[in-house]
Amino acid sequence: MALVHPAYAQLRQVTPNAAVMLADNPSVMSLEGTNTWILRAPGSDECVVVDPGPLDEGHLARVAQVPVAVTLISHRHFDHTEGAGRFSELAECPVHAVTPQYRHGGGSDLRDGDVIEAAGLRIRVVATPGHTADSLSFLVENDNSVLTADTILGRGTTVLDDTDGDLGDYLQSLRTLIRFGRGYTVLPGHGPELPDLETIARGYLAHREDRLEQVRAALRTLGGDATARRVVEHVYADVDRSLWGAAEKSVNVQLEYLRSFS
């Protein structure tokens, strides 16, 4: 029987060129855990790894069982990067990332439009900031799949990091993904894969625009100087309170966006 999500500590094939190893680090923010993606063309004796995940020796050792040509980091969050340095040692591979502190083993910068040719694949870097300033997606040109990291999740919606997230950037990133068109499989940083990138990205965009209008309406009721917490209590009253902390981060980013026009 084919494996389905979630399947911990097991290599689960998702497309002809992409398999996933789910890290056992579930939380409110990481859903069932972080997806570490292992990419290689059929017959290749090496792979490309995207997001080694947490510093979990068992997880990292399982991922490193196939020779690794290069490792890519989608964005700075620790559940994607914490194990990167140790993984570089185990797999004896370079780790490429936007942010220098997450580069290891001689790894270099990643920029929009870069193409990584390894493991029989062509993988194009697509800048998709908004969740964080350094967020990237990766297009596997060989089979029309896109690794969206935390820009689009396998279920639920994305939290915008109020440290360096930006709503304007995020809306533009969703529009960038929509322009890929139909027929692209979504390989997310958390949760199960999804069948059609354009449809999912349009749904994400509509949801985010709806939430933004709800925040605008809350400000009309509460006053323009209302705190993010008061807005969350107003807009997310029907949402489990355990999620309010995450919602507050996104609301902070939305308030900054709205107030930039005032």
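Heads up: the sequence shown begins at 1 in the UniProt record's numbering, then just goes up one per residue. Built from N, CA and C at the ideal position, the CB exists for glycine as well. All values reported here derive from a predicted model rather than from experimental measurement.
Considering only the beta carbon of each residue, do residue i and residue j sit closer than 9 Å?
i, j, result
"Gly-154", "Gly-130", "no"
"Leu-147", "Ser-74", "yes"
"Glu-248", "Asp-166", "no"
"Glu-184", "Leu-197", "Going by the sequence as given, residue 184 is Tyr instead of Glu. Yes; because the gap between Cβ atoms is below 9 Å, this pair is in contact."
"residue 303", "Pro-52", "With the chain covering 1 to 262 only, the question about residue 303 has no answer from this structure."
"Leu-187", "Trp-37", "yes"
"Arg-208", "Tyr-170", "yes"
If you compare alpha carbons, which of the options is closest to residue i?
i, options, result
"Phe-138", "Val-159, Ser-173 and Asp-162", "Ser-173"
"Tyr-8", "Ser-44, His-59, Thr-176 and Leu-187", "His-59"
"Ala-97", "Val-50, Glu-141 and Leu-121", "Val-50"
"Thr-157", "Arg-202, Pro-67 and Leu-55", "Arg-202"
"Gly-245", "Gly-189, Arg-182 and Leu-160", "Leu-160"
"Val-125", "Thr-132, Asp-112 and Asp-134", "Asp-112"
"His-104", "Asp-114, Glu-92 and Arg-259", "Glu-92"
"Leu-136", "Thr-163, Gly-189 and Gly-107", "Gly-189"
"Asn-252", "Phe-180, Ala-226, Ala-133 and Gly-85", "Ala-226"
"Val-140", "Leu-55, Arg-40 and Ser-242", "Arg-40"
"Pro-100", "Val-115, Arg-76 and Phe-87", "Arg-76"
In whole angstroms, what is the alpha-carbon distance linking residue i and residue j?
i, j, result
"Thr-81", "Gln-254", "26 Å"
"Ser-108", "Pro-94", "8 Å"
"Val-231", "Ser-27", "24 Å"
"Gln-214", "Phe-261", "17 Å"
"Ala-217", "Thr-151", "26 Å"
"Ala-2", "Leu-11", "11 Å"
Could you please give me the residues that DSSP links to residue i through a beta bridge?
i, result
"His-96", "Leu-72"
Inspect the CB distances between the segment 110-127 and the segment 64-71 and report whether three or more fall short of 8 Å.
Segments in contact, yes.
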